[in-house]
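**Student:** Protein sequences, first through last, are from chains A and B. Heads up: the first sequence begins at 7 in our numbering, then just goes up one per residue. Heads up: the second sequence begins at 2 in our numbering, then just goes up one per residue.
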Amino acid sequence: MSTNQISIEAGSAHYKARSLRRFMILLAMGGALFLSFAIDLATGPANYPLSDVIATLLDPWSASDQMRVVIWEIRMPIALMALTVGAALSTAGAQMQTILANPLASPFTLGISAAAGFGAALALVLGVALLPAFVDFIIPINAFVMAMATALIIHFFSRMRGVTVETIVLLGIALVFTFNALLALLQYLASEQALAAVVFWTMGSLVKATWTKVAVTAIAVAIALPLFVRQAWALTALRLGDAKAESFGVNVQGLRLRTMLIVSMLAAIPVSFVGTIGFIGLVGPHIARMLVGEDQRFFLPASVLCGALILSATSVLSKLLIPGAILPIGVITALVGVPFFFSLIFASRRKSW
Amino acid sequence: MVTLRLNDIGTRYGNVQVVSGITTPVIQPGTVTAVIGPNAAGKSSLFKRIAGLAKGTGVVELGTKTKDRNTICYMPQDTGSTAVLTVYESIILAAKQGSSLRVKADELERIDEILAALRISNLSGRNLGELSGGQRQLVAIAQTLVRDPKILLMDEPTSALDLHRQMEVLSFMRDIAKGQNIIVLIAIHDLNHALQYCDQAMAIRDGRMVAFGPCAEVIDRDLLRDVYQVDGHVELNSLGHRHVVLRGPSDQTDSRHDTAILRNPRNETALAAQ
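1. Quick one: grab the DSSP three-state call for T218/A.
2. Can you check whether the C-beta of E90/B is within less than 8 Å of a C-beta belonging to chain A?
3. Would you list the one or two residues that DSSP bridges to E62/B?
4. Report yes or no: is there a C-beta of chain B within less than 8 Å of the C-beta of R245/A?
5. With P276/A and L137/A assumed to form a contact (beta carbons below 8 Å), what rounded beta-carbon distance in angstroms separates them?
6. Kindly list, in the order they appear in chain B, the residues whose Cβ is closer than 9 Å to that of R295/A.
7. By a C-beta neighbour count over all protein chains shown, 10 Å radius and 16 as the cutoff for buried, is L297/A buried or exposed?
8. List, in chain order, every chain B residue whose beta-carbon is nearer than 8 Å to that of A238/A.
9. Is it a yes or a no for the region 214 to 224 of chain A touching the region 274 to 291 of chain A, going by three-plus beta-carbon pairs under 8 Å?
10. Of all the CB atoms in chain B, is at least one closer than 8 Å to the CB of E172/A?
11. Return the bridge partner residues of F213/B from the DSSP annotation.
12. Compare the C-beta of Q167/B with all C-beta atoms of chain A and state if any pair is closer than 8 Å.
13. Could you run through the region 243 to 275 of chain A and flag, in chain order, every residue whose CB is less than 8 Å away from some CB of chain B?
14. Could you tell me whether any Cβ in chain A is nearer than 8 Å to the Cβ of P250/B?
15. Does the ligand FMN have even one heavy atom less than 7 Å from the beta-carbon of L130/A?
16. If we count the other Cβ atoms within 10 Å of its Cβ and call it buried at 16 or more, is N71/B buried or exposed?
17. Is Q18/B helix, strand or coil by DSSP?
18. Tell me the rounded alpha-carbon separation between T260/B and D227/B.
19. Using a Cβ-Cβ cut-off of 8 Å, state whether R13/B counts as contacting chain A.
20. Under the rule that 16 or more other beta-carbon atoms within 10 Å means buried, what is M2/B, buried or exposed?
21. With a threshold of 7 Å on Cβ separation, who are the neighbours of R175/B within its own chain once the five nearest residues in sequence on each side are excluded?
22. Am I right that G208/B and G43/B are in contact with their C-beta atoms under 8 Å? What's the rounded C-beta distance?
23. I'd like to confirm the pairing. Which residues does DSSP put opposite V235/B in its beta bridges?
24. Please list the partners that S82/B has in chain A, where partner means a Cβ-to-Cβ separation under 8 Å.
25. Under the rule that 16 or more other beta-carbon atoms within 10 Å means buried, what is Q275/B, buried or exposed?
26. Could you please give me the residues that DSSP links to M30/A through a beta bridge?
27. Quick one: using the 10 Å Cβ neighbour count with 16 as the cut-off for buried, is E300/A buried or exposed?
28. Put M155/B into one of helix, strand or coil per three-state DSSP.
29. Determine whether the beta carbon atoms of V219/B and A202/B lie at a separation below 8 Å.
30. Assign Y75/B to one of three DSSP states: helix, strand, or coil.
31. So which of T218/A, N257/A, V227/A, G247/A has the shortest CA-CA distance to Q237/A?
32. So, is the C-beta of Q138/B closer than 8 Å to a C-beta in chain A?
33. Let me know if Q138/B comes out buried or exposed under the rule of 16 or more other beta-carbons within 10 Å of its beta-carbon.
34. Would you verify that the beta carbon of G299/A is, or is not, closer than 8 Å to some beta carbon of chain B?
35. Considering I118/A, what are the terminal residues of the alpha helix (DSSP H) in which it resides?
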């Protein structure tokens, strides 16, 4: 039953070429990310020439005190926060879409961000700590507990017999509405000061970034990624359907639960620091999928880079749209990200889910 | 050498006992066994139980101590996939589960060979979503073969294939079973194909095994009536092959439980020998 030699090797040749191309795409995305990060550092109300910014980056003590503070203490945490938050949310979205077999899954669309937001508002408005042991980190811990609880609700609901992809989306919408209503109730009860904090927070903004917040978010991503990489083959196999993945020897239920727990951490931590920044978790993985497909060895890094790049570029936009003002980044991601996303879907016309 | 013997195998789906008390003689390597029976007879559940994917009672005896994740491979009925993966990637995926992220040159070579043997090299760069039902079944067979199983459980692998491909695949699987000395169990509806390509047959109805033995002994007028509720008989065709001739649905469908005959000659002798 053999055919000629050329066509036999066509499969592996095609695969190798494809893998190389994907590797190049990842490199290009890395390059674009670095560029965007540099521009992010160079833009802001204080107009410094790019060459001075680079000089300050390379040798902080050669620059003026003012310049050093602006670049290293103000702009750098914000720029890094954009990278880490973008990476975390996009990774969370990518793995939610994978384990729920649902192109509409993301922390934002399934109510995990809204739950985290409600948890944070509980702390901001009422001072309620959901885990009394950690009062110093009351806002992120509250956000995390609520996000985790919601992720588990979605997880167990998705395991029930007869539950379809559409049911999960409906459940997500119900959760979003529920938590938004609860958040509105808290806003109604809140003092003027607390209200301002909650409103600012629900818009999503990077300007309150600190080195500590950057570090915590980066650590969350650094913990999650190796765990996902180790399961790269199994997670990819999930996309072939449960029956097929099981027949390959994948413990489907266990993998889903573990992944959902990591995802809720990845979604909750950024939300607790920078508020609800929507659509990164939805758009990032979709762009990654269009570029490199769904082999997790490429899809995972591509999702990370995509999310980081989108939020970094949005951070630049938020400073440029109205000169002298920094718009809340959550507003920009929604206003710019969504039409961009649709244009991608309609332009490519390629079946990418 | 891996052999297979089922000892009082049973399994449930939810609260329903879908397979119970299935005991077979030792199934030898190099053989193809047709698993036959009507829809919902318990064929898929039996396969999942054998592969360890469903919990249940009884013992799956392999005649060997060394067993890994690829010793018994179950090929489920195809459900399709929307994944943005090529055929080639999906086969790598089957081969690499539980091992390193790096794909070596000899692994690629082996996949090339399997695709060529199944004559689907031309599909390797296609996305899974673009395949027809028949093409998906061929890809699923490649995904199973690449794991180098010792026992291969195929759940209706030819249901979406055209006539030519059905015969090609069954004859290919028979060659694989003989050539690589492995055990192949195929759940199949076409009894003529079972007669032509399989060494023996296991007939299942309502989760119980009602017959096990050479195809010529198992597939007969009684089986058609009792297991499938159809009127028909088996005769020799002009090529000298046994051939099922069907007349139509049996009139006795209502009383099928009364007329059930447990015919299990091999099994009884095997049990008696113990």
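Ideal Cβ positions, reconstructed from N, Cα and C, are used throughout, including at glycine. As the structure is a computational prediction, the values presented were derived from the model and not from experiment.
**Tutor:** To lay it out plainly:
1. helix
2. So, interface residue.
3. Beta-bridge pairing links E62/B to R6/B.
4. yes
5. P276/A to L137/A, Cβ: 19 Å. No contact.
6. By Cβ distance, chain B contributes V85.
7. buried
8. What A238/A touches in chain B: L102.
9. Yes, the region 214 to 224 of chain A touches the region 274 to 291 of chain A.
10. E172/A does not count as touching chain B.
11. M203/B
12. Contacts with chain A at 8 Å (Cβ-Cβ) do not include Q167/B.
13. A243, R245, L246, G247, A249, K250, E252, S253, F254, G255, V256
14. It does not; no Cβ of chain A falls within 8 Å.
15. The ligand FMN is not part of this structure, which contains no ligands at all.
16. buried
17. strand
18. Residue placement at T260/B is poorly supported in this model, since its pLDDT is 41, which falls under 50; the coordinates still yield a value, given next. Cα to Cα, T260/B sits roughly 7 Å from D227/B.
19. no
20. With fewer than 16 Cβ atoms within 10 Å of its Cβ, M2/B is classed as exposed.
21. V33, Y198
22. Indeed, because the Cβ distance is near 4 Å, the residues count as touching under 8 Å.
23. V245/B
24. R245, L246, G247, K250
25. Confidence in Q275/B is poor, its pLDDT being 42 and thus under 50, which makes the residue's placement unreliable; the coordinate value appears in the next sentence. Looking at its Cβ environment, which holds fewer than 16 other Cβ atoms inside 10 Å, Q275/B is exposed.
26. Answer is none; M30/A lacks a bridge partner.
27. buried
28. strand
29. yes
30. Assignment of Y75/B by DSSP, reduced to helix, strand and coil, places it in the strand class.
31. N257/A
32. no
33. buried
34. yes
35. 118 to 127
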